[in-house]
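For the working numbering, add 3 to where a residue sits in the sequence shown, where the first one is 1.
For every residue, glycine included, the Cβ atom is placed at its ideal position computed from N, Cα and C.
Below is one structure, written out as C-alpha cells; the observations come after it.
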Amino acid sequence: MDLEVIGRHLEVTPAVKEYISKKAEKLQKFFDRIHSLRAIVSAEGSDHQVEFVAHLVKGDMVVAKATAADLYSTVDAVADKLEHQLRRYKEKL
C-alpha cells in the first residue's frame, strides 16, 4: 500500500507521519485490497482536520474526515471512521 501524507497550512513532523503510518498498517487487517492511502492534515485556527482518502483496487474510493483540537486524537478518530467504512464495504462485496 502506498502512503502519502500531505500537510496544508502546517509542517507534518516525522513523528506524526510515523503515527499515521502505524494507523494505516492496521487498516490493512480490515480490508487487504487498499491500493493507496492519502492522509491530508490541515490546521484551521486551533483545530486540526485530518482526511483519509483510500483508493481501493477496483477503482473505488473511500473518504473519512475528522476535526478536533488535538492532532493525534483526530488521527485516531479518522482511522476509526475509515475502519468502519472499510468493514461495510467488505460486507457489501
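- A direct Cα-to-Cα measurement between Ile23 and Lys84 gives close to 14 Å.
- Around the Cβ of Ile9, a 10 Å sphere holds fewer than 16 other Cβ atoms; the residue is exposed.
- Val66 sits exposed, since fewer than 16 C-beta atoms from the chains shown fall within 10 Å of its C-beta.
- In the DSSP annotation of this structure, Lys61 is not part of any alpha helix (DSSP H), being labelled neither H nor E.
- DSSP, reduced to helix, strand and coil, places Arg36 outside both helices and strands of the structure shown, so it counts as coil.
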